[in-house]
Amino acid sequence: MFLKNKIYLCIVGILCCKVIVAQTPNIEILEQGQKTSIRGMSVVNNRVVWVSGSNGLVGKSLDGGETWNWITVYGYEKSDFRDIEAFDENTALIMGITQPAVILKTKDGGLTWKKVFEDTANAAFFDAMDFTIIGKDTLGILIGDPLEEQFYHVLCSNAGDNWTPRDTQLNQHLPLLQKGEAFFASSGTNIVWLPMRKKNIGHRYATAFFVSGGTASYLYSIPFNSNKSIPLSLIQGKQSTGANSISIDSKKRKGMIVGGDFNNDTSTNGNAAIFSFDKKNRIVQWYQPTTPPHGYRSCITFMNEDHLISCGTSGVDISKDGGMNWELISKEGFHVVQKAKKGNALFLAGKGGRIARFVYK
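FYI, in the working numbering the residues of the sequence shown are 25 to 385.
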């Protein structure tokens, strides 16, 4: 009897060890060596992944990252495409940050690109864009660095085919940014749409949240309501400090913001904040992580309702308890991490054309 129990316990121990091993998070490098720093990523599903970066390069995979097709966008060979939004394997938009500050769209898988929006102002600098489906429309928003300390944003309602021109008169009614306050073009994720429940479908029921950094760090929203100007507890005061990325889980009505100081990328000082919101998309409570991410982080995304992943130049962290405690799983630097819009695949990208996949092994 003793022998049987001993054998049984050994078997249980072996199985438990296998389960633990199977649940070990791992970063698998899929691609590297391209002469580009990747900050834009859009994961359509578990197989279709688009990325964009410096030197006019766009990459696309149709097999879950196993192989990549690289495109140098003709006429924009020197552009830095720091954000990309893909709708399928053929349709995507890329954002060139400055000189020219431009949005291009392809409908043939990247073979040709059409200019759909451009701002020729010398000081124009685009930071991020995001899209959401509201009814029959695909609503988009682009934010840029402030011009004369005024908000810079333009909108579209047809998946980026046409954009409203910047309305200087409208912007005069929006809150002024502080001197030295701006938005980081670090991963294309410092803005996110939060639509209301389906029964309330309509343009006015979608709220866009976005976060700033620099000399001041705030959370803003459009339409402007009680959230219009909320100071953040993140580190601020220098051009290298403040919020970089925001992610929201609408089911749990919870969001998280990360950033820090990219000139001191191992510091955990003021690099994260958690918030909750009500049914009208109003912020109701703030929390500070017990164990924050292990350094400056340029991007964050929810893996599911409780698990999050965040990355930056000093490493990658995961949280299994809604962002309260973070575990460093890699010291490999990445700029952006994104989950599949339809699916559960997670990909990361960074300098040197490095692209990776997050898996549990």
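The beta carbon of each residue, even a glycine, is placed where N, CA and C say it ideally should be.
Next on the checklist: Residues in the same chain with beta-carbon distance under 6 Å from A369, minus the five sequence neighbours each way, listed in chain order, please.
Outcome noted: On the sequence shown, position 345 is the one that residue 369 refers to. Cβ within range, chain order: N70.
Checklist entry - Thinking just about the alpha-carbon of each residue, which of L163, Q174, F208 and Q202 is nearest to the one in W187? => result Taking the sequence shown and counting its residues from 1, the one referred to as residue 187 is at position 163. Comparing alpha-carbon positions, the option among L163, Q174, F208 and Q202 lying closest to W187 turns out to be L163.
Checklist entry - Taking the DSSP output, what are the residues bridged to L372? => result As a first step, residue 372 must be located in the sequence shown, where it is residue number 348. DSSP output for L372 lists V361 and A380 as bridge partner(s).
Checklist entry - Based on Cα-Cα distance, which residue from G261, S236, D107 and E351 lies nearest to A152? => result One-based indexing of the sequence shown puts residue 152 at position 128. Comparing Cα positions, the closest option is D107.
Item to check | Environment of L166 [buried if 16+ CB atoms lie within 10 Å] | outcome: As a first step, residue 166 is located in the sequence shown; it is residue number 142 there, counting from the start. Counting Cβ neighbours within 10 Å, L166 comes out buried, since at least 16 surround it.
Item to check | Residue closest to K276, alpha-carbon to alpha-carbon, out of K303, F208, V178 and T48 | outcome: Locating residue 276 in the sequence shown gives position 252, counting from the first residue. The residue with the shortest Cα to Cα distance from K276 is K303.
Next on the checklist: On the criterion of 16 or more Cβ atoms from any shown chain inside 10 Å, does N295 qualify as buried, or is it exposed?
Outcome noted: Reading the sequence shown from its first residue, position 271 is the one you call residue 295. N295 should be labelled buried.
Next on the checklist: Residues in the same chain with beta-carbon distance under 6 Å from S300, minus the five sequence neighbours each way, listed in chain order, please.
Outcome noted: The residue labelled residue 300 in the question sits at position 276 within the sequence shown. Answer for S300: R277, K278, V308 and Q309, listed in chain order.
Checklist entry - Who pairs with Q309 in a beta bridge, going by DSSP? => result One-based indexing of the sequence shown puts residue 309 at position 285. Note: Q309 sits in a beta bridge opposite S300.
Checklist entry - Given that a residue counts as buried once 16 or more other Cβ atoms are within 10 Å of its Cβ, and exposed if not, what is P316? => result Taking the sequence shown and counting its residues from 1, one reaches residue 316 at position 292. The residue is buried, with at least 16 neighbouring Cβ atoms inside 10 Å.
Checklist entry - Is the stretch 49-57 touching the stretch 360-368 in the sense that three or more CB pairs, one from each, lie closer than 8 Å? => result no
Checklist entry - In chain order, which continuous runs of the alpha helix (DSSP H) of length 4 or greater are located wholly inside the stretch 141-224? => result 192-195
Checklist entry - So what's Y100 in DSSP terms, helix, strand or just coil? => result Within the sequence shown, the letter at position 76 stands for residue 100. Three-state result, Y100: coil.
Next on the checklist: Below 8 Å on the Cβ atoms is my contact criterion, and I expect T48 with N79 to pass it. Report the Cβ-Cβ distance as a whole number of Å.
Outcome noted: For this step, residue 48 is matched to residue 24 along the sequence shown. For this step, residue 79 is matched to residue 55 along the sequence shown. Contact doesn't hold; Cβ gap of about 35 Å is too wide.
Checklist entry - In the stretch 60-125, which residue ranges form an unbroken beta strand (DSSP E) of at least 3 residues, counting only runs that do not cross its ends? => result Secondary structure in the stretch 60-125: the beta strand (DSSP E) runs of 3 residues or longer, each lying completely within the stretch, are 62-67, 73-77, 81-85, 93-96, 105-110 and 116-120 in chain order.
Next on the checklist: Counting C-beta neighbours from all protein chains within 10 Å, is the total for L128 16 or more, i.e. buried, or is it exposed?
Outcome noted: Here the question's residue 128 lines up with position 104 in the sequence shown. So L128 ends up on the buried side.
Checklist entry - Who does T130 pair with in a DSSP beta bridge? => result Against the sequence shown, residue 130 aligns to sequence position 106. Per DSSP, A116.
Checklist entry - Are G212 and L117 close, meaning C-beta to C-beta below 7 Å? => result The residue labelled residue 212 in the question sits at position 188 within the sequence shown. The residue labelled residue 117 in the question sits at position 93 within the sequence shown. Not closer than 7 Å, so no.
Checklist entry - Pick from K262, I158 and S257: whose alpha carbon is nearest that of L218? => result Against the sequence shown, residue 218 aligns to sequence position 194. That would be I158, whose Cα lies nearest to the Cα of L218.
Checklist entry - In or out: S334 buried (at least 16 other Cβ within 10 Å) or exposed? => result The residue labelled residue 334 in the question sits at position 310 within the sequence shown. Result: buried.
Checklist entry - Relative to the C-alpha of K375, which residue among E356, S66 and G168 is closest? => result Taking the sequence shown and counting its residues from 1, the one referred to as residue 375 is at position 351. When only C-alpha atoms are compared, the closest one is E356.
Checklist entry - Closest to S322 by CA distance: which of S264, G133 and S269 is it? => result As a first step, residue 322 is located in the sequence shown; it is residue number 298 there, counting from the start. Closest option to S322, Cα to Cα, is S269.
Item to check | Close Cβ partners of V68 (< 8 Å) along its chain, the five nearest in sequence each way excluded | outcome: As a first step, residue 68 must be located in the sequence shown, where it is residue number 44. Hits under 8 Å: W74, A110, F111, D112, E113, A364, K365 and K366.
Checklist entry - According to DSSP, which residues form a beta bridge with S245? => result Indexing the sequence shown from 1 puts residue 245 at position 221. Answer is F233, bridged to S245.
Checklist entry - Taking C-alpha atoms, which residue in G134, N305, F149 and T144 lies nearest to T122? => result Along the sequence shown, one-based indexing puts residue 122 at 98. Nearest C-alpha to T122: F149.
Checklist entry - Below 7 Å between beta carbons: does that hold for S291 and A267? => result For the purposes of this step, residue 291 is taken as residue 267 along the sequence shown, with counting starting at 1. For the purposes of this step, residue 267 is taken as residue 243 along the sequence shown, with counting starting at 1. Against a cut-off of 7 Å, the Cβ pair of A267 and S291 comes out as no contact.
Checklist entry - Alpha carbon to alpha carbon, what distance is there between K131 and T115? => result By one-based count along the sequence shown, residue 115 stands at place 91. By one-based count along the sequence shown, residue 131 stands at place 107. Distance between the alpha carbons of T115 and K131 is about 4 Å.
Item to check | CA nearest to the CA of D161, picked from T265, Q263 and N182 | outcome: Along the sequence shown, one-based indexing puts residue 161 at 137. The shortest Cα separation from D161 among T265, Q263 and N182 belongs to N182.
Checklist entry - How about N287 and S257: do their beta carbons lie closer than 7 Å? => result For the purposes of this step, residue 287 is identified with residue 263 of the sequence shown, where counting begins at 1. For the purposes of this step, residue 257 is identified with residue 233 of the sequence shown, where counting begins at 1. Contact: no.
Item to check | Check whether I62 and D154 have beta carbons under 7 Å apart | outcome: Here residue 62 refers to the residue found at position 38 when the sequence shown is read from its first residue. Here residue 154 refers to the residue found at position 130 when the sequence shown is read from its first residue. At least 7 Å separates the beta-carbon of I62 from that of D154.
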